[in-house]
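Have a look at the structure below, then the notes.
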Amino acid sequence: MRNIAVLTSGGDAPGMNAAIRAVVRMGISKGFDVFSVRKGFRGLINGDFEKMDEASVSDIIQRGGTILQTARSEEFKTEEGQSKAANMAKIFDIDGLVVIGGDGSFTGAKKLSEKGVACIGVPATIDNDLAYTDYSIGFGTAVNNVLDAINKIRDTSSSHERASIIEVMGRNSGNIALYAGLAGGAEGIIVPEIKFEMDDICKLLIERRNKGKLHSIIILAEGVGDAKELEKKIMENVDIEVRSTILGYTQRGGNTTAFDRILASRLGAKAVELLADGKSARAVGIRDNKLIDIEIGEALSMKKEFPLELYELAAKLQ
Ligand code: ADP
Ligand code: F6P
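Under our numbering, the letters of the sequence shown match residues 1036 to 1353, in that order.
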């Protein structure tokens, strides 16, 4: 193997840049020529390659987003698109590819591996919904971004004696809501993995008001439903003012935390080591603070366990 390439795909996640940096620098140190692919699998189909050197990845370790940009490519989901992409990799003599992204990107990487392009998947998604790894790149930063918002919203919420619903991202996963809720001392955490009762939320808010508490923060995962609707329903049931905030894309940007920078550096470097060892169709990850790699199809077939222990702890500490 002589030439390797790196791309980012799917939703951007803070730490993708740190992972790109690690792939490029580790790749060069192993004697590879390293190429970047712009705009994910779409760029691969279009042959959007650029040779990288150490300086190409200077001053990016701290930055959110992805310098390579990302894309959601419908064409690549087709067999024809995948063949075009594999063919383009062959034309440019790309022997190995590091795919940084979430489960959709991993599915793409698996298909490309089956077409003879050695691929390694690096997990990067704020949703933290890949089961085989304890954490994916970007999740920790997103949680910290939510914490910033909780602090700010708490100030105004207390001043008006209001309850605040904060809707967070995560697609079908409640991980961001759970971790931010526990770390931010939220009064309620509503996630898709656990059935919630409207009556319980109303009771909680009234009990807190009766204790003289000035505010309540409820973290709602987007996978459960709409914050505005919940706000309306609560106010129909209890005489407490409720305001909701949808954090949206603020969660995905900004300065990358030390945790994500280190995770991304370790996983990016590990992906290159696997390519150097002639491996393909593997996903790298972290379990119990140890780096692991498993077959990418197996990684995709696993079901994420919800950390019930943390959810119950948060409920006890409310
Ligand atoms: P993520 O990687 O964050 O889960 P997406 O689900 O949008 O994000 O997937 C990113 C890209 O991966 C898609 O735009 C598509 O090009 C590719 N992809 C997703 N699902 C498949 C699939 N079933 N087969 C081939 N490629 C796929
Ligand atoms: O997968 C990451 C994520 O930010 C989800 O939490 C969210 O539901 C989705 O992407 C938003 O997707 P888009 O960037 O296409 O609006």
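Here a beta-carbon is modelled for each residue, glycine too, at the ideal position from N, C-alpha and C.
Residue nearest to ILE1241 in terms of C-alpha spacing, selected from GLU1232, VAL1273, LYS1339: Stepping through the sequence shown from its first residue, residue 1241 is reached at position 206. Checking every option, the nearest Cα to that of ILE1241 belongs to VAL1273.
Contact belief for GLY1050 with ILE1224 at Cβ below 8 Å, rounded distance in angstroms: Locating residue 1050 in the sequence shown gives position 15, where the first residue counts as 1. Locating residue 1224 in the sequence shown gives position 189, where the first residue counts as 1. Wrong, their Cβ atoms sit about 24 Å apart, outside the cutoff.
Backbone secondary structure at LEU1246 - three-state DSSP: Locating residue 1246 in the sequence shown gives position 211, where the first residue counts as 1. Strictly speaking, residue 1246 in this sequence is Lys, with Leu absent from that position. For LYS1246, the three-state secondary structure derived from DSSP is coil.
Touch test, the region 1120 to 1134 against the region 1143 to 1152, Cβ-Cβ under 8 Å, three pairs minimum: Verdict: yes, contact present.
When ASP1162, ARG1296, GLU1115 are compared against GLY1137, the one with the closest alpha-carbon: As a position in the sequence shown, residue 1137 is number 102, starting the count at 1. When only C-alpha atoms are compared, the closest one is ASP1162.
Integer-rounded CB distance, given that ASP1130 should sit under 8 Å from ILE1039: Residue numbering aside, residue 1039 sits at position 4 when the sequence shown is read from its first letter. Residue numbering aside, residue 1130 sits at position 95 when the sequence shown is read from its first letter. Here ILE1039 really is in contact with ASP1130; their C-beta atoms are around 7 Å apart, less than 8 Å.
Continuous beta strand (DSSP E) stretch holding LEU1326: start and end: As a working note, residue 1326 is residue 291 in the sequence shown. Boundaries of the beta strand (DSSP E) harbouring LEU1326: 1325 to 1330, taken from the DSSP string.
Helix, strand or coil at PHE1084 [DSSP, three-state]: Here residue 1084 refers to the residue found at position 49 of the sequence shown. Here PHE1084 sits in strand by DSSP.
DSSP beta-bridge partners of SER1118: As a first step, residue 1118 is located in the sequence shown; it is residue number 83 there, counting from the start. SER1118 is not bridged to any residue.
Close Cβ partners of ILE1096 (< 7 Å) along its chain, the five nearest in sequence each way excluded: Start at 1 with the first residue of the sequence shown, and residue 1096 comes out as number 61. Cβ neighbours of ILE1096 beyond the five flanking positions: ASN1052, ALA1053, ARG1056, ARG1296.
As assigned by DSSP and simplified to three states, the class of ARG1098: One-based indexing of the sequence shown puts residue 1098 at position 63. Secondary structure of ARG1098 (DSSP, three-state): coil.
Where the beta strand (DSSP E) containing THR1043 begins and where it ends: What you label residue 1043 is simply residue 8 of the sequence shown in a count that begins at 1. It spans 1038 to 1043 - the beta strand (DSSP E) in which THR1043 sits, taken as one unbroken run.
Residue burial classification, GLU1222 (beta-carbon count within 10 angstroms, cutoff 16): As a working note, residue 1222 is residue 187 in the sequence shown. Counting C-beta atoms within 10 angstroms of its own C-beta, GLU1222 has 16 or more neighbours from the protein chains shown and is therefore classed as buried.
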